[in-house]
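Asks: Got a structure for you, written out below as structure tokens; questions coming shortly.
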Amino acid sequence: MGHYIIRRLVISIPVTFGIALITFILLNVIPGDPVALMMKDHISADVVARVRAQMQLDDPAYIRFFRFIWNALHGDFGVSYKLNRSVSSLLMDAFPNTLILAISGALVSWIIGIPAGVLSAVKKRSFLDNSIMGFSLLGVSIPVFWAGLLFQYIFAFWLGILPVSGFDGPEYLIMPAIVLGWSSAGTISRLTRSSLLEVMRNDYIRTARAKGNLELKVVINHALKNAMLPVVTVMALQVAGLLSGAVITETVFGIPGIGRIAVNAIQNRDMPLLQGAVMFTTVLVILGNLVADVLYSLLDPRIKYD
Amino acid sequence: MNDASTILEINNLKTYFYTDKGVVPAVDDISIKVKKGQIIGIVGESGCGKSMTSLSIMQLIAPPGKIAGGEILFQNKNLVGISKAEMRSLRGNELSMIFQEPMTSLNPVYPVGKQVAETLLLHNKHMKKAEAKQKVIEMFKMVGIPEPEERYRVFPHQLSGGLRQRVMIAMALICRSKLLIADEPTTALDVTIEAQILKLMKNLQEEIDTSIIMITHNLGIVAEMCDYVYVMYAGKIMEQADVYELFDHPKHPYTEGLLKSIPRSNVQQNKEKGLYSIKGMVPNMLNLPKGCRFHPRCIYAEDACREVEPDLVDVGEGHLVRCIKYKN
Amino acid sequence: MNIAKNMLFKKEIIEPSDELVKETFWQDVFKSLRKDRMAMAGGTIIALFILVAIFAPYLAPYNPYEVSLDLQFQKPSMEYWLGTDMFGRDVLSRIIYGSRISLLIGIVPSLITMLIGIIFGIIAGYFGRKTDFIIMTVSDMVLSFPSLLLAMVVMYTLGASLLNIFIALSIVGWAGTARVVRAQTLSLKNKEFVESARAIGVKPSIIMIRHILPNCIPQLLVLFTLEIPGSILSEASLSFLGVGAQPPASSWGLMVSNGKEFLFNAPWVAISPGIAILVIVLAFNFLGDGLRDALDPYLKQ
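These protein sequences, in sequence, are chains A, B and C.
Quick note, the first sequence lines up with residues 108 to 413 if you use the working numbering.
Quick note, the second sequence lines up with residues 7 to 334 if you use the working numbering.
Quick note, the third sequence lines up with residues 27 to 327 if you use the working numbering.
Okay, structure coming up:
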């Protein structure tokens with residue numbers, strides 16, 4: 108098992124490297140001078156040249172790339188153009204907020220999604236099933252930012268029971284977590300349903316019934332564990348989805364997290380900060396995939412670790 | 007009719023599937039009787055309704071299928087319309103089943119021993135887990151699983167097909183069932199393993215004194231195992247007789263055809279005569295031919311066969327046949 | 027007369043044959059789709075939206091770009107059904123014009139995505155080995171990015187414009203399609219009909235186009251239908267974050283973004299374009315779901 112994790116970690120290294128390369132290329136092929144862009148028009152060419160030299164922007168791209176990798180390995184993502192602070196310290200300040208948001212969003216999506224999917228599958232083609240699936244599709248189709256605004260209008264403005272935005276306590280987490288979890292819940296319940304229905308067609312389910320099991324026990328003891336395998340895979344992909352969603356949720360609810368850093372960095376054309384934020388999130392996604400893989404192998408005895 | 011030696015009596019069972027495209031009479035008015043300690047065979051091509059018969063007995067027909075009529079008397083109790091709880095207490099306990107595919111009939115995410123123990127624990131509420139484990143290991147020994155203690159903990163994918171089927175048999179017989187339904191138990195296995203499994207089943211049948219319904223398309227298995235045989239075609243019983251009688255004096259053209267299509271071990275004979283096969287295919291169950299449902303494939307078919315469905319006629323000594331050639 | 031009667035009679039006594047396939051693929055799919063009420067509702071809404079997009083100039087009651095500060099934040103009324111925004115522009119007219127952007131954004135990047143994904147997916151699946159490894163590694167990397175963030179980075183680099191949204195969404199989206207097509211190709215590659223084509227010396231490119239691609243169509247159809255709402259949502263999100271469509275374009279996402287400042291005073295400005303997004307995305311999802319169900323037997327094969 109330990110070997111398996113180590114091997115998976117080793118495989119992640121080239122992937123991370125490739126991602127760094129993609130990010131670097133995407134951010135460094137900008138037509139036009141980043142410094143000029145950053146400083147707007149009313150700056151003399153002289154100053155621009157000095158800043159460029161200071162930022163070592165005149166070196167060839169590959170040297171800058173390896174410098175970026177080297178520094179990143181040391182936890183140094185450079186200095187924010189706009190905020191004039193080290194990117195890593197900015198990211199580390201923001202990270203806990205994003206983490207809390209993402210985890211609570213994930214929890215919301217599982218707590219709603221999995222039982223809803225199971226219920227839907229067990230009561231296949233009933234009114235309940237149709238309603239749950241309708242709601243799931245609604246969840247998948249709702250624009251996250253708009254849902255956020257709607258929640259703010261209803262719960263903060265109209266009912267006045269929750270704070271509009273900010274991040275100063277648990278009550279500030281309720282709306283963002285629900286808004287973020289809601290759309291994933293739709294995906295998860297739909298997947299749980301289809302996966303469970305698929306599993307219920309298997310021969311071993313018939314065996315479980317032929318033993319004299321209660322139908323409920325057949326579902327919970329025999330079907331669910333098998334049905335959760337594809338759901339776990341999706342939970343890994345969900346990490347990426349949650350972080351995408353976090354960008355929007357943080358913007359709507361004014362949560363100082365990584366997503367908002369990225370949005371601000373784009374608005375301020377703050378390249379090092381954006382680069383750092385993207386790299387950081389992507390590494391989180393890779394770690395999430397790793398965790399899901401390990402979880403999968405724990406659930407499925409057919410996966411061999413060696 | 008209801009003498010003490012009868013363990014299962016099916017009367018006029020009808021299991022229909024109500025699909026979008028019409029009603030499929032998968033099991034169409036069949037009657038079967040199983041005595042204590044008897045092994046009966048149900049033979050037929052795939053899709054003839056033999057598996058549906060077994061699932062009907064187990065009350066495991068899933069929608070859109072439904073038992074549309076008839077009765078299934080198990081130890082004089084009608085299983086049709088019985089409460090779910092009562093049926094559950096019978097399943098796996100007094101009435102158990104082995105399925106065709108040992109590869110997929112075991113749950114891949116649990117150790118096999120645990121899966122067998124589950125049956126035991128389900129029907130013996132006060133049994134301790136350790137005791138159940140002990141019993142499972144004993145049963146594993148009985149069904150010829152080598153190193154039963156170690157095998158208790160392994161997962162299905164770590165076992166060969168033959169061993170998995172032994173696990174399935176252990177699971178079916180752990181509660182010493184009165185009736186075991188074996189639905190093509192050896193079809194998925196190699197020939198040599200098949201012989202071992204059949205021998206095991208026969209031995210266990212004598213040891214535990216259970217009755218067996220053997221569902222198969224293989225007449226060789228029938229000849230080897232069964233006391234009494236039912237031949238099914240398109241949901242109906244075409245012929246039923248004592249095993250010797252059926253093999254020596256087959257009366258129905260379908261049975262005749264089935265017997266002729268058995269490849270012989272005499273190579274010379276096979277080469278000279280070629281393999282016999284019944285022409286045509288199993289009819290579309292949504293659109294059964296009028297008259298005798300076998301007539302489109304029957305080499306003796308005459309005009310009358312296209313008009314009237316013949317009855318099952320007793321031709322003496324417990325030999326019944328559904329063919330226009332035979333009348334009371 | 028007699029002959030005709032005989033012919034009729036003959037027709038009737040044709041034996042029920044083994045031929046079960048009476049309908050073509052599309053007839054069969056369409057038939058089961060027609061029974062699916064939600065899918066039909068989705069299809070109808072999509073058709074309506076397409077009509078609205080085409081005839082926007084005739085349907086919109088006002089000029090969607092006309093600023094008149096005296097008409098700021100008019101409440102929804104008989105005159106302005108959905109009210110007016112902070113520049114006094116008619117929200118309904120802007121939504122009607124916005125359908126053009128949304129449909130364009132829904133369809134164009136999805137097509138590009140599908141095309142790139144199909145090409146890479148088939149090549150990876152068919153040739154295997156190194157080619158497969160490289161394509162799949164790159165697609166893994168792309169899938170490791172949170173898609174919105176990757177699109178944001180591309181928009182940052184290329185600058186905010188409609189064309190660049192197409193590019194950004196295509197860069198992000200192809201990897202998923204490639205995976206599906208690759209998996210399908212892998213399972214088809216060793217089927218008898220492909221092997222026999224290879225055995226008689228058919229060129230790989232012909233095998234891929236003639237034998238493998240047609241068998242992927244059911245999957246691709248479902249994928250395409252579900253890709254469209256994804257693209258629409260992505261554009262809306264990018265525009266909401268300010269890196270998508272730029273003012274004064276009447277993109278729905280941008281309209282929500284503009285309205286969010288005045289959410290509590292003039293909620294209609296932000297809420298109604300959101301409903302438009304929700305309805306069209308829901309419609310495509312319903313249709314895609316129905317299509318998946320209708321194609322189910324073909325997907326499983």
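The beta carbon of each residue, even a glycine, is placed where N, CA and C say it ideally should be.
Source: prediction; values computed, not measured.
Under 8 angstroms between beta-carbons, which chain C residues line up against LEU420 (chain A)? List them in chain order, please.
Replies: Coverage of chain A is limited to positions 108 through 413, which leaves residue 420 (chain A) absent and any answer about it impossible.
Asks: Beta-carbon of PRO172 (chain C) versus every beta-carbon of chain A: anything under 8 angstroms?
Replies: Start at 1 with the first residue of the third sequence, and residue 172 (chain C) comes out as number 146. Yes, contact with chain A.
Asks: Under the DSSP definition of a beta bridge, which residues are partnered with MET220 (chain B)?
Replies: On the second sequence, position 214 is the one that residue 220 (chain B) refers to. DSSP, once it has assigned bridges, lists B:GLY47, B:ALA188 as partnering MET220 (chain B).
Asks: For VAL237 (chain B), which three-state DSSP category applies?
Replies: Numbered from 1 along the second sequence, position 231 holds the residue referred to as residue 237 (chain B). Strand, per DSSP.
Asks: Mind checking whether ALA399 (chain A) and ALA343 (chain A) have CB atoms under 8 angstroms apart?
Replies: As a position in the first sequence, residue 399 (chain A) is number 292, starting the count at 1. As a position in the first sequence, residue 343 (chain A) is number 236, starting the count at 1. A contact, by the Cβ cut-off of 8 angstroms.
Asks: Keeping to the same chain, check which residues put their C-beta closer than 6 angstroms to that of PHE360 (chain A); ignore five residues upstream and five downstream.
Replies: The sequence position of residue 360 (chain A) within the first sequence is 253, counting from 1. Around PHE360 (chain A): SER272, PRO283.
Asks: Rounded to whole angstroms, what is the Cα-Cα separation between VAL134 (chain C) and PRO240 (chain C)?
Replies: Here residue 134 (chain C) is taken as the residue at index 108 of the third sequence, counted from 1. Here residue 240 (chain C) is taken as the residue at index 214 of the third sequence, counted from 1. Going by the C-alpha atoms only, they are around 22 angstroms apart.
Asks: According to DSSP, TYR106 (chain C) sits in a beta bridge with which residue or residues?
Replies: One-based indexing of the third sequence puts residue 106 (chain C) at position 80. Paired residue(s): none; TYR106 (chain C) is not in a bridge.
Asks: With a Cβ-Cβ cutoff of 8 angstroms, do GLY226 (chain B) and ILE199 (chain B) count as a contact?
Replies: Counted from its first residue, the second sequence places residue 226 (chain B) at position 220. Counted from its first residue, the second sequence places residue 199 (chain B) at position 193. Not a contact, by the Cβ cut-off of 8 angstroms.
Asks: What are the complete alpha helix (DSSP H) segments, minimum 4 residues, inside the segment 253-316 of chain A?
Replies: Runs of the alpha helix (DSSP H) inside the segment 253-316 of chain A: 278-307.
Asks: Below 8 angstroms between beta carbons is the criterion; list the residues of the segment 109-141 of chain A that meet it against any residue of chain C, in chain order.
Replies: If the cut-off is 8 angstroms between Cβ atoms, the segment 109-141 of chain A has PRO121, VAL122, GLY125, ILE126, ILE129, THR130, LEU133, LEU134, VAL136, ILE137 near chain C.
Asks: Could you check whether GLY124 (chain C) and SER276 (chain C) sit closer than 8 angstroms to each other, using their CB atoms as the reference points?
Replies: The count along the third sequence starts at 1 and reaches residue 276 (chain C) at position 250. The count along the third sequence starts at 1 and reaches residue 124 (chain C) at position 98. The answer is yes: Cβ separation under 8 angstroms.
Asks: Closer than 8 angstroms by C-beta to GLU100 (chain B): which residues in its own chain qualify, once you throw out the five before and the five after it? Chain order, please.
Replies: The residue given as residue 100 (chain B) occupies position 94 in the second sequence. Hits under 8 angstroms: PHE80, GLN81, CYS181, SER183, LYS184, LEU185.
Asks: Under 8 angstroms between C-beta atoms, does LEU175 (chain C) make it to chain A?
Replies: Translated into positions along the third sequence, residue 175 (chain C) becomes position 149. For LEU175 (chain C), the answer is yes, since a Cβ of chain A falls inside 8 angstroms of its Cβ.
Asks: In chain order, what residues of the same chain lie with their CB nearer than 7 angstroms to the CB of ILE281 (chain A), ignoring the 5 residues before and after it?
Replies: For the purposes of this step, residue 281 (chain A) is taken as the residue at position 174 of the first sequence. Excluding residues within five positions, the ones whose Cβ falls inside 7 angstroms are LEU269.
Asks: I'd like to know if the segment 252-268 of chain A and the segment 192-201 of chain A are in contact, where contact means that at least 3 CB-CB pairs between them fall below 8 angstroms.
Replies: Not touching, per the Cβ criterion.
Asks: Using a beta-carbon distance below 8 angstroms, is ASN333 (chain A) in contact with chain B?
Replies: Here residue 333 (chain A) is taken as the residue at index 226 of the first sequence, counted from 1. So, interface residue.
Asks: Identify, in the order they occur along the chain, each residue of the same chain with its Cβ nearer than 7 angstroms to the Cβ of LEU214 (chain C), setting aside the five sequence neighbours on each side.
Replies: As a working note, residue 214 (chain C) is residue 188 in the third sequence. Only VAL220, ILE238, ASN241 meet the Cβ criterion.
Asks: May I ask you to report which of helix, strand or coil DSSP gives VAL78 (chain C)?
Replies: Here residue 78 (chain C) refers to the residue found at position 52 of the third sequence. VAL78 (chain C) falls in the helix class under three-state DSSP.
Asks: For LEU321 (chain A), report the span of its beta strand (DSSP E) as first-last.
Replies: For the purposes of this step, residue 321 (chain A) is identified with residue 214 of the first sequence, where counting begins at 1. Careful: LEU321 (chain A) lies outside any beta strand (DSSP E) and carries neither H nor E.
Asks: Taking all protein chains shown into account, decide if SER136 (chain C) is buried (16 or more other Cβ within 10 angstroms of its Cβ) or exposed.
Replies: Within the third sequence, the letter at position 110 stands for residue 136 (chain C). By the neighbour-count rule (16 or more Cβ atoms within 10 Å), SER136 (chain C) is buried.
Asks: Starting from SER235 (chain B), find everything on chain A with Cβ-Cβ shorter than 7 angstroms and list it in chain order.
Replies: Here residue 235 (chain B) corresponds to residue number 229 of the second sequence, with the count starting at 1. According to the sequence as given, residue 235 (chain B) is Val; it is not Ser. Ordered by position in chain A, no residue passes the 7 angstroms Cβ test against VAL235 (chain B), which lies about 24 angstroms from the chain.
Asks: Per DSSP, which residues does MET103 (chain B) bridge with? Please list them.
Replies: Here residue 103 (chain B) is taken as the residue at index 97 of the second sequence, counted from 1. MET103 (chain B) is bridged to B:ILE187.
Asks: Any heavy atom of the ligand PLP closer than 7 angstroms to the beta-carbon of ALA315 (chain A)?
Replies: Absence of the ligand PLP is noted for the structure shown, with no ligands found whatsoever.
Asks: Can you give me the C-alpha to C-alpha distance between ASP34 (chain B) and MET244 (chain B), rounded to a whole angstrom?
Replies: On the second sequence, residue 34 (chain B) is found 28 positions in, with the first residue counted as 1. On the second sequence, residue 244 (chain B) is found 238 positions in, with the first residue counted as 1. Rounded to the nearest angstrom, the two C-alpha atoms are 11 angstroms apart.
Asks: Does DSSP put PRO337 (chain A) in a helix, in a strand, or in coil?
Replies: As a first step, residue 337 (chain A) must be located in the first sequence, where it is residue number 230. DSSP places PRO337 (chain A) in helix when its eight states are reduced to three.
Asks: By how many angstroms is the C-alpha of VAL339 (chain A) removed from the C-alpha of GLN245 (chain C)?
Replies: Here residue 245 (chain C) is taken as the residue at index 219 of the third sequence, counted from 1. Here residue 339 (chain A) is taken as the residue at index 232 of the first sequence, counted from 1. C-alpha separation (whole angstroms): 23 angstroms.
Asks: Would you list the residues sitting across from PHE23 (chain B) in a DSSP beta bridge?
Replies: Counted from its first residue, the second sequence places residue 23 (chain B) at position 17. DSSP output for PHE23 (chain B) lists B:VAL30, B:GLY71 as bridge partner(s).
Asks: Against chain A, which members of the segment 283-301 of chain C pass a CB distance test of less than 9 angstroms?
Replies: The residues in question are SER283, GLY285, LYS286, LEU289, PHE290, PRO293, ALA296, ILE297, PRO299, GLY300, ILE301.
Asks: Counting only the same chain and skipping the five closest in sequence on each side, list residues whose C-beta sits under 7 angstroms from that of ASN84 (chain B).
Replies: Looking up residue 84 (chain B) in the second sequence gives position 78. Excluding positions up to five away in sequence, the list reads GLU77, ILE78.
Asks: Does the separation of the CB atoms of ILE368 (chain A) and LEU350 (chain A) fall below 8 angstroms?
Replies: Taking the first sequence and counting its residues from 1, the one referred to as residue 368 (chain A) is at position 261. Taking the first sequence and counting its residues from 1, the one referred to as residue 350 (chain A) is at position 243. No.
Asks: Measuring only the C-alpha atoms, how far is ILE46 (chain B) from SER60 (chain B)?
Replies: One-based indexing of the second sequence puts residue 46 (chain B) at position 40. One-based indexing of the second sequence puts residue 60 (chain B) at position 54. ILE46 (chain B) and SER60 (chain B): Cα-Cα distance of roughly 12 angstroms.
Asks: Which value, in whole angstroms, describes the spacing of the CA atoms of SER52 (chain B) and THR222 (chain B)?
Replies: Indexing the second sequence from 1 puts residue 52 (chain B) at position 46. Indexing the second sequence from 1 puts residue 222 (chain B) at position 216. Whole-angstrom Cα-Cα distance: 9 angstroms.
Asks: Within 8 angstroms (strictly less), CB to CB, does ASN237 (chain A) reach chain B?
Replies: By 1-based counting over the first sequence, the position of residue 237 (chain A) is 130. For ASN237 (chain A), the answer is no, since every Cβ of chain B falls outside 8 angstroms of its Cβ.
Asks: By the three-class DSSP mapping on this structure, what secondary structure does MET342 (chain A) have?
Replies: As a working mapping, residue 342 (chain A) is identified with position 235 in the first sequence. Helix.
Asks: In the DSSP output, what is ARG97 (chain B) paired with across the bridge?
Replies: As a working mapping, residue 97 (chain B) is identified with position 91 in the second sequence. Beta-bridge pairing links ARG97 (chain B) to B:LEU101.
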